[in-house]
Amino acid sequence: MGSKYPQSVRGCLPLWTLALEEALILIFFFFTSYDTSSKDPKFLGTYAVFQNITVMAALGLGFLTSSLRRFGWSSVAFNLFMLALGVQWAVLLDGFLNQSFSGKVVIKLSSIQLATMSAMSVLISVGAVLGKVNLAQLVVMTLVEVTAFGTMRMVSKQVLDMNNHMSMMHIHVFAAYFGLTVAWCLSKPLSKEAEEKDQTATNSSLFAMLGTLFLWMFWPSFNSALLDIPKERNNAVFNTHYALAVSAVTAISVSALAHPRGKINMVHIHNAVLAGGVAVGAPCHLILSPWLAMMLGLLAGLISIGGAKCLQVYFNPVLGIHDTCGVHYTFGLPGLLGGITYNVLMMLQASWTKIPMIIYQMLINTGALSWAVSMGVASGLLTGFLLNLKIWKGPHVAKYFDDQAYWEFPHLAAGF
Amino acid sequence: MGSKYPQSVRGCLPLWTLALEEALILIFFFFTSYDTSSKDPKFLGTYAVFQNITVMAALGLGFLTSSLRRFGWSSVAFNLFMLALGVQWAVLLDGFLNQSFSGKVVIKLSSIQLATMSAMSVLISVGAVLGKVNLAQLVVMTLVEVTAFGTMRMVSKQVLDMNNHMSMMHIHVFAAYFGLTVAWCLSKPLSKEAEEKDQTATNSSLFAMLGTLFLWMFWPSFNSALLDIPKERNNAVFNTHYALAVSAVTAISVSALAHPRGKINMVHIHNAVLAGGVAVGAPCHLILSPWLAMMLGLLAGLISIGGAKCLQVYFNPVLGIHDTCGVHYTFGLPGLLGGITYNVLMMLQASWTKIPMIIYQMLINTGALSWAVSMGVASGLLTGFLLNLKIWKGPHVAKYFDDQAYWEFPHLAAGF
Amino acid sequence: MGSKYPQSVRGCLPLWTLALEEALILIFFFFTSYDTSSKDPKFLGTYAVFQNITVMAALGLGFLTSSLRRFGWSSVAFNLFMLALGVQWAVLLDGFLNQSFSGKVVIKLSSIQLATMSAMSVLISVGAVLGKVNLAQLVVMTLVEVTAFGTMRMVSKQVLDMNNHMSMMHIHVFAAYFGLTVAWCLSKPLSKEAEEKDQTATNSSLFAMLGTLFLWMFWPSFNSALLDIPKERNNAVFNTHYALAVSAVTAISVSALAHPRGKINMVHIHNAVLAGGVAVGAPCHLILSPWLAMMLGLLAGLISIGGAKCLQVYFNPVLGIHDTCGVHYTFGLPGLLGGITYNVLMMLQASWTKIPMIIYQMLINTGALSWAVSMGVASGLLTGFLLNLKIWKGPHVAKYFDDQAYWEFPHLAAGF
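Residue numbers (our numbering), protein chains in the order written: chain A, 114 to 529; chain B, 114 to 529; chain C, 114 to 529.
Now the structure itself:
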């Protein structure tokens with residue numbers, strides 16, 4: 114049985130990731146230095162938020178995708194691999210693109226935090242293609258997506274005059290549509306065997322729930338991380354908290370309502386309880402009373418469960434997309450809702466004497482959202498094209514969603 | 114086989130939780146606003162403590178009860194559901210009851226933190242009835258218990274002149290006796306099948322251990338959260354740390370000692386290592402040297418393991434109580450020990466010239482503790498009565514402790 | 114079948130751990146007091162770091178060793194037991210050895226943090242002997258190792274003029290060679306059955322990955338905890354972050370490269386992704402640009418995976434050592450690399466006009482590293498000798514790596 118597995122990983126991955134790692138070290142050698150001037154008085158505060166975001170990235174998103182019953186090892190370990198690689202590349206890229214570049218990229222705690230948040234775009238997207246690509250392909254995807262996301266943010270900030278927070282909050286729609294496009298490019302009919310593996314099991318689901326909980330608990334830190342004004346940050350924390358609370362209640366209720374016999378679907382729950390946090394991301398600093406955040410959480414929960422039920426039946430089969438972990442309804446749709454809400458709120462809060470100004474601002478905001486989506490789709494197409502190349506020796510459909518293709522299993526050791 | 118499950122959840126839960134959620138949003142719309150005046154200088158510090166408490170509530174208490182081998186999904190997800198619902202209701206209730214109510218409840222980070230701590234009373238109580246009630250019943254229980262706990266605290270503070278910290282630390286005895294009373298009201302003889310499911314398994318126990326560890330690690334934050342004077346807060350952290358360390362050592366040792374063949378009982382360990390933290394809760398700011406906290410941890414460990422062994426044999430069967438997760442010996446008995454210790458310490462630390470003063474204070478403290486217990490029992494009776502109503506369509510005994518009654522299982526999908 | 118298990122634990126453990134606990138309480142009664150004078154302005158900052166380190170010790174190291182498929186309960190629970198016991202003893206010992214002892218050991222948050230870090234030496238060492246000793250033996254090992262580590266640190270600081278940070282960072286080599294020596298003393302040929310249990314399983318590996326991730330995420334806190342100068346602390350955080358990122362990428366790549374069919378070994382990954390953090394520990398405050406930390410992470414990853422492959426084949430069988438969790442290549446070899454790097458960096462950064470000074474400093478540093486290793490080996494020999502005494506009734510080889518020897522299993526309850 115052993116001989117059926119292609120030598121995909123061995124063929125290209127290890128040598129070229131090592132070469133890549135050495136190239137990164139060289140670039141760091143020539144182009145970076147630590148921030149030596151400042152004595153950051155808020156170091157401890159920033160460090161606490163930075164750690165929350167690391168926990169969300171490494172543990173939350175890692176375990177969130179671990180619900181496939183035979184793909185848990187790969188989900189968690191590949192997530193760590195992509196995070197570690199993505200963070201290195203993102204910090205360089207952000208430095209090259211954003212700072213008034215004077216020969217050296219200066220590394221601060223805030224730039225590492227920003228890089229971690231950028232790398233999370235890859236960890237979100239990967240949910241759509243998980244189990245259908247090997248590690249070499251994931252490396253390509255990491256590099257392309259971090260670059261595309263960095264470019265998207267730079268254009269958003271410099272051309273469309275978005276601030277740091279807003280351009281980051283488009284991560285959800287960017288990453289979701291990037292992932293879906295890649296999944297569309299890679300789509301192949303699944304074998305019976307693969308479909309059987311594309312399911313959850315009792316313990317896998319508990320591990321996934323662990324990831325969900327870590328995301329749920331620390332999401333207020335993510336939404337407030339890039340806001341500088343204390344009042345906006347407080348509002349962001351409060352609103353995210355309320356939106357998440359309501360979307361958890363809504364998701365569980367609606368999931369039971371949508372099932373003919375009133376049963377709750379665990380896989381939907383993993384994702385839908387987070388919908389509130391995604392939806393409230395963009396407008397979280399503008400919402401001035403809890404009921405609006407709660408309303409948004411309710412809507413996000415409804416959309417997310419609705420998406421989970423309908424997309425799988427009507428949308429995905431028609432387009433031939435297989436969205437392994439439901440990225441579309443977890444991040445895509447709630448992210449769109451958040452972008453639209455932001456636009457509406459901006460309009461409502463503007464003074465009504467300056468109507469041309471408002472219309473201009475609305476167009477800009479809509480433009481920024483569309484730009485994030487289209488950049489996601491465009492770079493997703495490029496990535497999909499690259500990943501379809503034969504040189505990566507992508508896994509055969511029969512080996513989809515299977516840890517055995519990548520991992521040495523001790524209890525099988527004798528067999529090989 | 115599918116048709117045997119009653120349509121309990123579908124019947125009433127989803128529609129009425131959604132209606133409830135919308136009612137809550139409406140109340141928030143009319144009666145709340147965010148705190149806009151202050152620039153809280155300690156925001157980051159409070160936020161860190163708040164997050165620790167959220168971790169304890171969502172993850173710690175969620176996984177602590179996940180040791181039942183066929184009820185892990187429900188334990189964790191229902192816990193999240195009740196937390197999300199309880200936090201919303203508690204923040205409103207605290208506002209209505211405690212602030213000099215002037216038309217609007219002002220929401221601050223500290224009030225959300227307080228609401229999370231109040232909602233933890235439900236998460237503690239639920240340990241006694243877990244697996245024997247459906248989600249609709251848990252919603253009722255959440256609403257009643259949060260209301261009762263809020264009322265109990267308000268009376269404690271306004272009539273018995275307890276401070277914020279003390280009235281919160283009665284949470285353990287309140288929640289434990291509330292839960293036990295509800296369990297007593299719902300008691301039915303368990304079927305053979307149900308008893309088999311009411312056991313742990315290797316991986317379930319590790320998940321439960323994860324919950325235990327999170328509670329163990331962050332308990333000092335819980336005990337010190339409501340203390341304002343820095344010195345008292347430091348003492349609370351130190352004492353809780355030492356009490357927990359000693360109760361972990363004691364619990365493991367005594368559990369081995371109590372078994373005829375020296376074997377340790379994992380289910381007892383999950384709970385008993387926390388007994389020190391519970392017992393030291395009330396007096397943690399008064400204890401001025403570590404040995405006293407350690408002594409208390411030792412005693413709490415002994416009582417907790419002793420309770421685990423004896424209550425199951427002598428107390429529960431006689432009264433017909435089935436205490437699924439051992440709430441009585443985890444929170445009830447150590448909580449009583451803590452209340453009594455607080456009383457003794459207050460007495461010892463008072464100056465001996467004012468004997469009438471001391472006696473008065475002792476009576477007040479004893480009164481507050483008894484008030485917490487009796488309020489727990491009384492509201493537990495009310496809840497038990499409500500939960501026994503037919504309209505909730507509570508699960509049949511044969512479906513006790515079984516995830517399948519509530520969750521859609523992917524690998525069984527074909528069968529239904 | 115039940116009667117085959119020796120009454121090892123019952124025989125001696127519970128009574129003598131309880132007696133020990135009471136002795137500790139007595140010592141605390143006579144010799145300790147809380148720090149009452151200061152109002153620590155940095156309390157919240159220290160508390161956050163302290164909690165990160167507690168999470169690493171209780172959860173990270175506890176679950177890291179939980180990958181044995183039939184020894185998960187013991188791994189996690191015994192880890193907690195040793196931590197709780199070790200922290201109590203370490204705080205006393207540090208007080209007696211290091212402070213200008215004036216009758217009372219003053220307990221501060223920083224001393225509890227230091228004690229937790231000292232107790233981690235036991236949790237590291239235990240990886241080498243896990244599954245081959247009972248809890249009574251682990252208690253002896255805890256007491257001896259904490260004492261030896263405290264003595265080693267005191268001599269390092271007072272005789273060799275190391276600072277607090279450096280003497281702590283020798284923990285990795287000390288603990289690794291201590292553990293290996295004990296494992297060598299206890300070495301017995303494994304039975305076929307024991308070898309089968311000395312393997313991982315799917316879920317066990319995910320639990321171990323959880324431990325790994327917590328260590329990976331919070332390692333920057335560990336490396337920077339004892340540095341007082343803000344700039345050095347920042348550098349320590351940055352360097353540890355980069356070293357860990359690179360060692361994660363390297364470990365996964367090299368593990369695939371080293372397997373004839375390109376498969377990754379999960380057990381190696383658990384440990385090797387941490388190698389960067391270990392290696393960068395000693396020199397983390399001296400490294401002034403990221404590429405050096407990354408280089409060190411790359412080297413550490415290579416050495417760690419190389420060690421995992423070669424030591425098991427060439428070194429361990431020859432010496433008859435069985436290193437259950439790969440302590441040698443996780444902590445030992447990367448720790449040596451760190452010590453040597455520190456020495457080289459000190460030399461390079463010194464001004465070249467004072468060559469005798471440099472040579473003296475190099476000798477001192479080499480001496481401190483050798484002192485840590487030899488103290489580890491010497492106290493390991495003593496511990497090994499003690500653990501081989503018959504009075505502890507160590508487990509029979511047939512019961513190695515088996516939870517059933519120590520735990521009451523519910524589903525077997527009927528059988529006993």
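Each residue gets a CB set at the ideal place from its N, CA and C atoms; glycine is no exception.
Helix, strand or coil at residue i [DSSP, three-state]
| i | result |
| --- | --- |
| Ile342/B | coil |
| Phe522/A | coil |
| Val367/A | helix |
| Leu399/C | coil |
| Leu181/A | strand |
| Val386/A | coil |
| Ala485/A | helix |
| Ile434/C | coil |
| Tyr473/B | helix |
| Ser417/A | helix |
| Asn247/B | coil |
| Asn501/B | coil |
| Thr313/B | strand |
| Tyr118/C | In this prediction, Tyr118/C has a pLDDT of 44, which is less than 50 and means its spatial position is unreliable; nothing more can be read from the coordinates. |
| Ala527/A | Note on Ala527/A: pLDDT 34, under 50, position unreliable in the model; no value is reported. |
| Val253/C | helix |
| Val218/C | strand |
| Thr543/C | Summary: the structure shown does not reach residue 543/C, with chain C confined to residues 114 through 529, and so no result is reported for it. |
Residue nearest to residue i in terms of C-alpha spacing, selected from the options
| i | options | result |
| --- | --- | --- |
| Leu66/C | Trp129/C, Ile220/C, Thr159/C and Trp297/C | Nothing about residue 66/C can be read from this structure; chain C reaches only from 114 to 529. |
| Tyr455/A | Gly439/A, Gly480/A and Ile434/A | Gly480/A |
| Ala161/C | Phe331/C, Ile220/C, Val268/C and Gly263/C | Phe331/C |
| Ile477/C | Phe209/C, Leu198/C and Met279/C | Met279/C |
| Thr228/A | Ile418/A, Ala170/A and Leu494/A | Thr is not the amino acid found at residue 228/A; the sequence shown has Ala there. For Ala228/A, the nearest C-alpha among the options comes from Ala170/A. |
| Pro343/B | Ser300/C, Lys155/C and Ala136/C | Lys155/C |
Distance between beta carbons of residue j and residue i, contact taken as under 8 angstroms
| i | j | result |
| --- | --- | --- |
| Leu340/B | Ala349/B | 6 angstroms |
| Ala321/B | Phe176/B | 6 angstroms |
| Ala413/B | Ala392/B | 4 angstroms |
Test item: CB-CB of residue i and residue j under 8 angstroms
| i | j | result |
| --- | --- | --- |
| Leu328/B | Gly439/B | no |
| Phe351/C | Tyr147/A | yes |
| Leu63/B | Trp484/B | Outside the displayed span of chain B (114 to 529) sits residue 63/B, for which this structure offers no information. |
| Ala511/A | Ser304/A | yes |
| Phe291/C | Ser238/C | yes |
| Lys217/A | Thr149/A | no |
| Val253/A | Leu500/A | yes |
| Ala203/A | Gly244/A | no |
| Ile225/C | Ala338/C | no |
| Ser215/B | Pro127/C | no |
| Glu521/C | Lys422/B | no |
Any non-hydrogen atom of the ligand GTP within 7 angstroms of residue i CB
| i | result |
| --- | --- |
| Ser179/A | Inclusion of the ligand GTP in the displayed structure is not the case, the ligand content being empty and no account of it being possible. |
Practice task
Would you list, in chain order, the members of the stretch 155 to 166 of chain B that have their beta-carbon closer than 9 angstroms to a beta-carbon of chain C?
Solution key: If the cut-off is 9 angstroms between Cβ atoms, the stretch 155 to 166 of chain B has Lys155, Leu157, Gly158, Ala161, Val162 and Asn165 near chain C.
Practice task
Could you please tell me which residues of the stretch 133 to 145 of chain C, in chain order, have their CB closer than 9 angstroms to any CB of chain B?
Solution key: Leu133, Glu134, Glu135, Leu137, Ile138, Leu139, Ile140, Phe141, Phe142, Phe143 and Thr145
Problem - Members of the stretch 461 to 486 of chain B that neighbour chain A once the beta carbon cut-off is set at 9 angstroms - result: none
Exercise for the section: Compile a chain-ordered list of the residues in the stretch 172 to 206 of chain C whose CB is closer than 7 angstroms to at least one CB of chain A. Expected result: none
Practice task
Mind checking the stretch 254 to 266 of chain C against chain B and listing, in chain order, the residues whose C-beta falls within less than 9 angstroms of any C-beta there?
Solution key: none
Problem - Members of the stretch 406 to 434 of chain C that neighbour chain B once the beta carbon cut-off is set at 7 angstroms - result: none
Practice task
Scan the stretch 338 to 360 of chain A for residues whose Cβ lies nearer than 9 angstroms to a Cβ of chain B and list them as they occur along the chain.
Solution key: Pro343, Lys344, Arg346, Asn347, Asn348, Val350, Phe351, Asn352, His354, Tyr355, Leu357, Ala358, Val359 and Ser360
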